[in-house]
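Colleague:
4 protein chains.
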Amino acid sequence: MYRSFTAPFTASGRSALVPPPPWHYAGWLINVAFTCDPAQGAQLLPPARGRLTGRGCVHFADWQACSDGGIELLDPVYAQYRETIVVLESETPSGERLNFCPFIYVDQDVSLLRGLLQGWPKKMGRTWLTRSLPLDHAAAAPLTAGTALGASLCVKDRRLLEARLVLTGEPGPALGFFAAPTLGAVGWPDLRDAQALPEPHFVRSRIDRRVEAGWHAATAQLTLTDHPVEELGLLGPLQTGDASVGWAALTVVGAADA
Amino acid sequence: MYRSFTAPFTASGRSALVPPPPWHYAGWLINVAFTCDPAQGAQLLPPARGRLTGRGCVHFADWQACSDGGIELLDPVYAQYRETIVVLESETPSGERLNFCPFIYVDQDVSLLRGLLQGWPKKMGRTWLTRSLPLDHAAAAPLTAGTALGASLCVKDRRLLEARLVLTGEPGPALGFFAAPTLGAVGWPDLRDAQALPEPHFVRSRIDRRVEAGWHAATAQLTLTDHPVEELGLLGPLQTGDASVGWAALTVVGAADA
Amino acid sequence: MYRSFTAPFTASGRSALVPPPPWHYAGWLINVAFTCDPAQGAQLLPPARGRLTGRGCVHFADWQACSDGGIELLDPVYAQYRETIVVLESETPSGERLNFCPFIYVDQDVSLLRGLLQGWPKKMGRTWLTRSLPLDHAAAAPLTAGTALGASLCVKDRRLLEARLVLTGEPGPALGFFAAPTLGAVGWPDLRDAQALPEPHFVRSRIDRRVEAGWHAATAQLTLTDHPVEELGLLGPLQTGDASVGWAALTVVGAADA
Amino acid sequence: MYRSFTAPFTASGRSALVPPPPWHYAGWLINVAFTCDPAQGAQLLPPARGRLTGRGCVHFADWQACSDGGIELLDPVYAQYRETIVVLESETPSGERLNFCPFIYVDQDVSLLRGLLQGWPKKMGRTWLTRSLPLDHAAAAPLTAGTALGASLCVKDRRLLEARLVLTGEPGPALGFFAAPTLGAVGWPDLRDAQALPEPHFVRSRIDRRVEAGWHAATAQLTLTDHPVEELGLLGPLQTGDASVGWAALTVVGAADA
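Protein chains in written order, with this note's numbering: chain E, 1 to 258; chain R, 1 to 258; chain B, 1 to 258; chain P, 1 to 258.
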């Protein structure tokens, strides 16, 4: 009788937190690649799924998302959110390169649950990132050599990640989840067996339509701060690598076993 | 290999959004009973689970919650949240009176996911409620006859529910989920079959330790406002009934099929 | 001994909420012109300052601001804010057309106080506005004919203003404070004479460098909702007029008596 | 013609951010005294106003405030806020002991401006503090020996102050601004002379009605973290002293020159 894709469950499904896919996303992103010590990878990815290569990326993203018809764009409190995404490159036993997202932080409920369904392990966090506006002005951070930008992530009132970038004026690389498919881990505990831990299954999102506006290269410095709860510290010291900024969009239509 | 109860999945489980139960909750509550038209009940509760009686309650709650050991009380951004809970009384086919929660709104991620696991259909919303302080002062709203209090719920920047109360100075009733067990509906869609809707299963929380400090009676006025997404309007016009305020605590240890 | 421009007062002035001008601003704006009944204008503007013409504009703005050197752009929680600005056109006794801002709502403290110093009567409110991204995608709201956008303002958990727009694909007009200078009212009560009301003085901002990226025309619908505290209702029913969207930047260097 | 105490200025004054005093405040407080190096006191307090003694207090406060009539208590988004208050003890040239507030952080606009008018140098920050509920339960933090509580302050997404306390079960001291009058510094720059710094005048609040519910002693540990903008670091290393928790209320009716 229910027509809700997620709770709350009603006959119309109108108030369900998340509607069924397709889900359309477009955003402004700051991407900072890093290398880290892969030795602790088994803390994050089951060996049967692959091994970490020691490469990864932080994406700071200012998204606008909607379902078919775009009704959320008319009431943008339903469409917009910011998030910080950490991805690690893994090599599967068969030799394929995949990204894996161990940690991700977002600021809207619809995105939190929509992410969990896709295997993105979302928690709430506050992300800020400088935007580039098409203006020649001191506050506009235009897409020209020498422009400085920043980004930050705060989780439970503690700053966890910061980045500072300077644009080089050159085209930049596609990084992180724009460079390779991403593996997600989906799992829900069942309170009827309250101490049993879930065994997540692994999926790959089915992506339909992907558009990039061209990446702009930057030099960057990424800073990770200790946190009493969050486990980004498992990555060890981060060596900042390539960086880029730009706009990109994609549509997710479902998922497949990975 | 993972020891996380919920995502993110790590070997330690330290950063999991929700730890396993027991979950201890203590709070200050404003409870307002109402009657409504049960005719649209089948929009909210499958007939096989029972029928609505036309009685319900709104709880505005200012909670403090922790796991065993109470570590969250040392860093209260992890312990405190406010929420608005709507419960409807149902009569099961076997004649038992149970509460059912069609809608609930909270302001912290840990509570959102912990609620979904228990069958509380939580979304994000902002709740405010006047507190009573043990002082004789114009701003303290003491627990004496004539004290006025208010409460409100806002969902996606629209005010959805408001209550105004005046204490009578008399003891008050246990209302809503303090008066009868509550039924929860748990269900998750699976993106590998992306258009399939979940069929929720129904559970009852296993509650271990429950403490109430004595309820204080109030007269009340409850106001519900139309909302383009939320479906509280399915309850039709609300007739405000009994009301009470006070402190209560309980511990959830798991769930059982209902 | 203090070198703070605003509180807190310290010898370095480093932690002052607002630094001295120049203040550089760049942003994305949705502008919706309206006509209203000017009869209640004397509730908002002293007759000696002029009379309302019955024309006005709502600006929904997503700003990025910085001081000289741009240090805020490296840590954008200090640079970015969203606000909703209402301006009314007035005709001064000498026949000059000036805008006057009766109400404005912002979401960051630095902008709140910086605004009050300029005579913008800022209070806190939450603004959302659809952004246009340079991508051809369902979630990108590109700057082409037929694209739909929305905006909203919420003050103390109540939605106060909403706008919906559809781009025409044509160039659009400069509206509101982009079309004429704006008058500000600055006044502070003094608690040493605690019941005395301040008599605000009127100023005009000194604007140094102004850049616009070209406005894009839209048709629009503006909706104003009653509020128990806010006084936008003094404008009476609003007739929506021209609308435009686009990027603009300016630098404020000080103010002059108006 | 205007009847607003603060902006916005309207004929009714209804929407003014701050109404005239009296202002009634009641709250739950965690108070932690400290000693620090007074050598840098001249960075914070003009020598003509006195010298720091090296004693101070941090108050974490969960307030409920209203004007005469208490209308804010019916719509508590207007009444409630949390703040963190730092006070330093000074000795005036004439030998009087006064508190002085160099830094204070709040989470609501009305409190921010109402504070600036009284000489409290308020900026926005997020405060959390464990509450004690009158229940014997693991999440209630009751007022008994051994109960642990915590508090935190975050400013612009960085945690600045933390406290952890354990109640002793004994009555506790009145600390900080509950132990001695407090000096405030009020000053506003004038943009018509845009580079001129204000010279604040010093006031003492006129307090009318003050109620305390009895303080409960605690042992405490206070931790201060470096911040790139905030200047609490001027206090040098903090040695935590006495601590107490409890409820208190007071009414402010105006201010006098100090």
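Every residue gets a Cβ at the ideal spot worked out from N, C-alpha and C, and that includes glycine. Because the structure is a prediction, the values reported are computed rather than measured.
Does DSSP classify leucine 74/E as helix, strand or coil?
Modeller: Position 74 of the first sequence, counted from the start, is the residue given in the question as residue 74/E. Residue state, collapsed to three classes: helix.
Colleague: For the beta strand (DSSP E) that arginine 114/R lies in, which residues bound it at each end?
Modeller: Counted from its first residue, the second sequence places residue 114/R at position 114. No beta strand (DSSP E) contains arginine 114/R, which is instead part of the alpha helix (DSSP H) from 109-118.
Colleague: Leaving out the 5 sequence neighbours to the left and right, which residues in its chain are closer than 7 Å to leucine 17/R when beta-carbon positions are compared?
Modeller: On the second sequence, position 17 is the one that residue 17/R refers to. Within the same chain, leucine 17/R has close Cβ partners Thr6, Ala7, Asp109, Val110, Leu113.
Colleague: Who are the neighbours of cysteine 57/R on chain B, taking C-beta pairs under 9 Å?
Modeller: If you number the second sequence from 1, residue 57/R lands on position 57. Neighbours of cysteine 57/R on chain B: none; closest Cβ ~22 Å, over 9 Å.
Colleague: Which chain P residues sit within Cβ distance under 7 Å of aspartate 75/R?
Modeller: By one-based count along the second sequence, residue 75/R stands at place 75. Within 7 Å Cβ-Cβ: Gly150, Ser152.
Colleague: For glutamate 211/P, would you say it is in contact with chain R, using Cβ-to-Cβ distances shorter than 9 Å as the test?
Modeller: To locate residue 211/P, count along the fourth sequence from 1; it is residue 211. What sits at residue 211/P in the sequence shown is valine, not glutamate. Valine 211/P counts as touching chain R.
Colleague: Along chain R, which residues have their Cβ under 8 Å away from the Cβ of glutamine 64/P?
Modeller: The sequence position of residue 64/P within the fourth sequence is 64, counting from 1. Chain R residues near glutamine 64/P: Thr130, Arg131, Leu133, Ala139, Ala140, Ala141.
Colleague: If you reduce the DSSP assignment to three classes, tell me which class alanine 195/E lands in.
Modeller: Within the first sequence, the letter at position 195 stands for residue 195/E. It is glutamine, not alanine, that sits at residue 195/E in the sequence shown. Reduced to three states, the DSSP call for glutamine 195/E is coil.
Colleague: Is the distance from the Cβ of arginine 55/E to the Cβ of alanine 33/E below 9 Å?
Modeller: In the first sequence, counting from the first residue as 1, residue 55/E sits at position 55. In the first sequence, counting from the first residue as 1, residue 33/E sits at position 33. A contact, by the Cβ cut-off of 9 Å.
Colleague: Buried or exposed for glutamine 64/R, please, with buried defined as at least 16 other CB atoms from any protein chain shown within 10 angstroms of its CB.
Modeller: Along the second sequence, one-based indexing puts residue 64/R at 64. Buried is the call here.
Colleague: Check whether the stretch 114-125 of chain P touches the stretch 45-61 of chain R, counting contact only when three or more Cβ pairs, one atom from each stretch, lie closer than 8 Å.
Modeller: Result no; under three Cβ-Cβ pairs closer than 8 Å.
Colleague: Which same chain residues end up closer than 6 Å to glycine 236/B when comparing Cβ atoms and leaving out the 5 residues on each side of it in sequence?
Modeller: In the third sequence, counting from the first residue as 1, residue 236/B sits at position 236. Correct list, in chain order: Cys36, Asp37.
Colleague: How would you call serine 4/R, buried or exposed, if buried means at least 16 neighbouring beta carbons within 10 angstroms?
Modeller: Numbered from 1 along the second sequence, position 4 holds the residue referred to as residue 4/R. Buried is the call here.
Colleague: Going by other Cβ atoms of all chains shown within 10 Å of its Cβ, with 16 needed for buried, is proline 228/P buried or exposed?
Modeller: For the purposes of this step, residue 228/P is taken as the residue at position 228 of the fourth sequence. Per the 10 Å Cβ criterion, exposed.
Colleague: Between glycine 70/B and chain E, is there a C-beta pair that is closer than 9 Å?
Modeller: The count along the third sequence starts at 1 and reaches residue 70/B at position 70. Yes, because at least one Cβ of chain E sits closer than 9 Å to the Cβ of glycine 70/B.
Colleague: Work out the CA separation of arginine 82/R and alanine 48/E for me, nearest whole Å.
Modeller: In the first sequence, counting from the first residue as 1, residue 48/E sits at position 48. In the second sequence, counting from the first residue as 1, residue 82/R sits at position 82. Going from the Cα of alanine 48/E to the Cα of arginine 82/R covers about 42 Å.
Colleague: Does the beta-carbon of aspartate 136/B have 16 or more other beta-carbons within 10 angstroms, so that it is buried, or is it exposed?
Modeller: Within the third sequence, the letter at position 136 stands for residue 136/B. By the neighbour-count rule (16 or more Cβ atoms within 10 Å), aspartate 136/B is not buried but exposed.
Colleague: Rounded to whole angstroms, how far is the Cβ of serine 205/R from the Cβ of valine 252/R, which I believe are closer than 8 Å?
Modeller: Reading the second sequence from its first residue, position 205 is the one you call residue 205/R. Reading the second sequence from its first residue, position 252 is the one you call residue 252/R. With 8 Å as the limit, serine 205/R and valine 252/R qualify as a contact, their Cβ atoms being about 5 Å apart.
Colleague: Name the residue from Met1/B, Thr10/B, Pro20/B whose alpha carbon lies nearest to the alpha carbon of leucine 194/P.
Modeller: Your numbering for residue 194/P matches position 194 in the fourth sequence. The question names leucine, but residue 194/P is alanine in the sequence shown. Checking every option, the nearest Cα to that of alanine 194/P belongs to Pro20/B.
Colleague: So, helix, strand or coil for proline 38/P, using DSSP?
Modeller: On the fourth sequence, position 38 is the one that residue 38/P refers to. Three-state DSSP puts proline 38/P in a helix.
Colleague: In chain P, what lies closer than 7 Å to arginine 126/E by C-beta?
Modeller: On the first sequence, position 126 is the one that residue 126/E refers to. What arginine 126/E touches in chain P: Asp157.
Colleague: Just to confirm before moving on: does the CB-CB distance between alanine 249/R and arginine 209/R stay below 9 Å?
Modeller: As a position in the second sequence, residue 249/R is number 249, starting the count at 1. As a position in the second sequence, residue 209/R is number 209, starting the count at 1. Yes, the pair counts as a contact, with Cβ atoms nearer than the cut-off.
Colleague: Where does the unbroken beta strand (DSSP E) through leucine 153/R begin, and where does it stop?
Modeller: Residue numbering aside, residue 153/R sits at position 153 when the second sequence is read from its first letter. From DSSP, the beta strand (DSSP E) with leucine 153/R extends over 148-155.
Colleague: Listing by chain order, which chain E residues have their CB less than 9 Å from the CB of arginine 14/B?
Modeller: Translated into positions along the third sequence, residue 14/B becomes position 14. Here the premise fails: no neighbours, minimum Cβ distance about 18 Å.
Colleague: Check whether the Cβ of leucine 250/E lies closer than 9 Å to any Cβ atom in chain B.
Modeller: Counting from one through the first sequence, the residue named residue 250/E turns up at place 250. Taking Cβ atoms only, chain B reaches closer than 9 Å to leucine 250/E, which makes this a yes.
Colleague: Can you tell me which of Ala145/R, Phe177/R, Met1/R puts its alpha carbon nearest to the alpha carbon of leucine 29/R?
Modeller: Taking the second sequence and counting its residues from 1, the one referred to as residue 29/R is at position 29. For the residues Ala145/R, Phe177/R, Met1/R, the minimum Cα distance to leucine 29/R belongs to Phe177/R.
Colleague: I need the boundaries of the beta strand (DSSP E) containing tryptophan 188/E, first residue and last residue.
Modeller: Taking the first residue of the first sequence as 1, we reach residue 188/E at position 188. No beta strand (DSSP E) contains tryptophan 188/E, which DSSP labels as neither H nor E.
Colleague: Mind checking if histidine 216/P is an interface residue toward chain R, Cβ cutoff 9 Å exclusive?
Modeller: Position 216 of the fourth sequence, counting from 1, holds the residue named residue 216/P. With 9 Å as the cut-off, histidine 216/P does not count as an interface residue toward chain R.
Colleague: Per DSSP, which one or two residues make a beta bridge with serine 94/B?
Modeller: On the third sequence, residue 94/B is found 94 positions in, with the first residue counted as 1. In DSSP, serine 94/B forms no bridge with anything.
Colleague: With distances taken between CB atoms, is the gap from tryptophan 215/R to proline 181/R smaller than 9 Å?
Modeller: Numbered from 1 along the second sequence, position 215 holds the residue referred to as residue 215/R. Numbered from 1 along the second sequence, position 181 holds the residue referred to as residue 181/R. No, the pair does not count as a contact, with Cβ atoms beyond the cut-off.
Colleague: Leucine 153/B and threonine 92/B - do their beta-carbons sit closer together than 9 Å?
Modeller: Working through the third sequence from its first residue, we reach residue 92/B at position 92. Working through the third sequence from its first residue, we reach residue 153/B at position 153. No, the Cβ-Cβ distance between threonine 92/B and leucine 153/B is not below 9 Å.
Colleague: What residues of chain E sit near glutamate 230/R, judged by a beta carbon separation below 8 Å?
Modeller: Walking along the second sequence from the start, residue 230/R turns up at place 230. The contacting residues are Ser15.
Colleague: Along chain B, which residues have their Cβ under 9 Å away from the Cβ of aspartate 136/E?
Modeller: On the first sequence, residue 136/E is found 136 positions in, with the first residue counted as 1. The contacting residues are Val211, Ala249.
Colleague: Which bits of chain R does alanine 179/E rub up against, with CB to CB less than 8 Å?
Modeller: Here residue 179/E refers to the residue found at position 179 when the first sequence is read from its first residue. Within chain R, no residue comes near alanine 179/E; the closest Cβ sits about 22 Å away, beyond 8 Å.
Colleague: So who's on the other strand from leucine 124/B, going by DSSP bridges?
Modeller: For this step, residue 124/B is matched to residue 124 along the third sequence. The sequence given here places methionine at residue 124/B; leucine does not occur at that position. Methionine 124/B pairs with Val106/B.
Colleague: In chain B, which residues lie less than 7 Å from glutamine 80/E when you measure between Cβ atoms?
Modeller: Along the first sequence, read from residue 1 onward, the residue named residue 80/E stands at position 80. Under the 7 Å cutoff, chain B gives Trp128.
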